[in-house]
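Quick note: the sequence shown, position 182, residue 181 per numbering that gives the first Met the number 0, numbers continuous.
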Amino acid sequence: MVKSTGYKKVKTAVFISGTGSNLKSLIEFSKTKKSPISINLIVSSNSKAKGLHLGKINNIKKKVFNFKKKNKIENQILSLLKNHEIKMICLAGFMKILSRNFINKFRGKILNIHPSLLPKYKGLNTHQRALNNNEKYSGCSVHFVNSKLDSGKVILQKKVKISKNETKDSLAKKVLVQEHKLYAKAILKVFNL
Ligand code: GRF
0 MVKSTGYKKV KTAVFISGTG SNLKSLIEFS KTKKSPISIN LIVSSNSKAK
50 GLHLGKINNI KKKVFNFKKK NKIENQILSL LKNHEIKMIC LAGFMKILSR
100 NFINKFRGKI LNIHPSLLPK YKGLNTHQRA LNNNEKYSGC SVHFVNSKLD
150 SGKVILQKKV KISKNETKDS LAKKVLVQEH KLYAKAILKV FNL
């Protein structure tokens with residue numbers, strides 16, 4: 000459990016690489032009274048990530064990092080997080096794998112959202128793999144991040160029924176709608192709220 004510091008919201012960074020629809024819903028949630036977190040920083044691994052525009056609209060500082068030299072970049076991110084007094088990290092469509100060293104510095108304070116019912120379909124291309132296996136259900140999971148890909152303890156999951164003529168795109172859309180609700184719920188759970 001992450002401790003909430005009374006009335007003060009826990010400063011949180013969201014890491015993205017793309018569209019940022021989960022970032023958008025996290026920002027909306029963070030502005031509600033019941034949210035234990037505020038979003039104070041957006042980190043992107045991609046300078047072209049659509050989600051970056053949400054920083055400007057919402058007056059949240061954003062920073063792009065090129066992960067080619069991972070160790071060096073992670074150290075830069077760690078000092079940025081320190082400067083902004085960030086205590087929690089939400090990965091939301093973030094396509095890079097963080098090192099064990101980085102994760103250990105934020106042990107139990109990094110969450111991720113994944114578009115499958117973990118432990119099924121870790122990694123990429125989840126929707127197509129679920130369809131190929133004739134699954135009746137898919138869904139999404141919010142989990143703690145550890146040093147193994149999509150393997151940390153699951154906090155919450157939401158099931159989605161796969162329809163007869165489902166395609167990977169229609170399934171992705173359906174699951175994404177649920178992702179947006181699930182992330183906020185999982186955060187409340189992490190804070191015991
Ligand atoms: C989501 O499906 C998320 O679960 C996955 O990548 C997608 C990102 O979507 N890891 P968005 O950038 O939040 O719109």
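The C-beta atom is built at its ideal place from N, Cα and C for all residues, glycine as well.
Item                                                                                              : Value
Where residue 56 falls: helix, strand or coil (DSSP)                                              : helix
Sufficient close CB pairs (3 or more, under 8 Å) joining the stretch 41-56 to the stretch 4-19    : yes
Proximity below 7 Å, CB of residue 144 to CB of residue 109                                       : yes
Cβ neighbour criterion (16 or more within 10 Å) applied to residue 125                            : buried
Residue 157 (DSSP reduced to helix, strand or coil)                                               : strand
Opening and closing residue of the beta strand (DSSP E) in which residue 140 lies                 : 136-143
Segment contact, 8 Å Cβ cut-off, at least three pairs: the stretch 133-143 with the stretch 55-62 : no
Status (buried if at least 16 other CB within 10 Å, exposed otherwise) for residue 118            : exposed
Inter-residue spacing [alpha-carbon to alpha-carbon] between residue 94 and residue 147           : 14 Å
Pair within 7 Å by beta-carbon distance, residue 112 and residue 178                              : yes
Alpha-carbon spacing of residue 101 relative to residue 37, whole angstroms                       : 22 Å
Beta-bridge partners of residue 61, as assigned by DSSP                                           : 41
The ligand GRF heavy atom lying under 6 Å from the CB of residue 166                              : no
Extent of the continuous beta strand (DSSP E) to which residue 90 belongs                         : 87-90
N- and C-terminal bounds of the beta strand (DSSP E) containing residue 14                        : 9-15
Under the three-state DSSP convention, the category residue 110 falls into                        : strand
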